[in-house]
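Sequential numbering from 81 applies to the sequence shown in my numbering.
Every residue gets a Cβ at the ideal spot worked out from N, C-alpha and C, and that includes glycine.
So the structure is just underneath, and the comments pick up after that.
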Amino acid sequence: DHDVKVFLIDDAIHWAQFGMAEGVRASTGEEMKPFIDYLLEHESAIYACKAWVDHRYLSPDEMIPGVEIQGAPYLIDLMADPEMETLSF
Numbered sequence: 081d082h083d084v085k086v087f088l089i090d091d092a093i094h095w096a097q098f099g100m101a102e103g104v105r106a107s108t109g110e111e112m113k114p115f116i117d118y119l120l121e122h123e124s125a126i127y128a129c130k131a132w133v134d135h136r137y138l139s140p141d142e143m144i145p146g147v148e149i150q151g152a153p154y155l156i157d158l159m160a161d162p163e164m165e166t167l168s169f
């Protein structure tokens with residue numbers, strides 16, 4: 081019952097591209113794809129930073145369904161929101 085928002089910046093935007101999370105594992109053995117699928121299934125917001133998407137010459141068509149491209153002002157608004165309980169950067 082938590083409102084989770086994920087804002088991907090820098091090279092992390094690639095996790096929002098089709099197929100990029102496939103086969104990726106943490107050093108603990110956990111796979112990336114099930115985490116992304118879980119977030120999307122539970123309607124958690126996943127944002128990819130517009131500046132980094134543009135810098136990598138990616139288009140919205142290359143992103144998995146449910147990912148929204150947003151600019152830095154949106155991230156700043158999230159960070160400044162007093163309702164935001166936790167921020168991990």
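Margin query: I need the DSSP call for I144, collapsed to helix, strand or coil.
Written below: coil
Check: Does the separation of the CB atoms of Y30 and L167 fall below 8 Å?
Finding: Given a span of 81 to 169 for the chain in the structure shown, any question on residue 30 remains unanswerable.
Checklist line | Whole-number beta carbon distance between K130 and Q151, since they are thought to touch under 8 Å | finding: One point to set straight first is that residue 151 is Gly, not Gln, in the sequence displayed. Between G151 and K130, the beta carbon gap of about 4 Å places them in contact (Cβ cut-off 8 Å).
Item checked: Cutoff 8 Å: A106 Cβ touching any chain D Cβ -> Included in the structure is just one protein chain, with no chain D present.
Next item on the list: Tell me whether V84 is buried or exposed, calling it buried when 16 or more other Cβ atoms sit within 10 Å of its Cβ.
Entry: exposed
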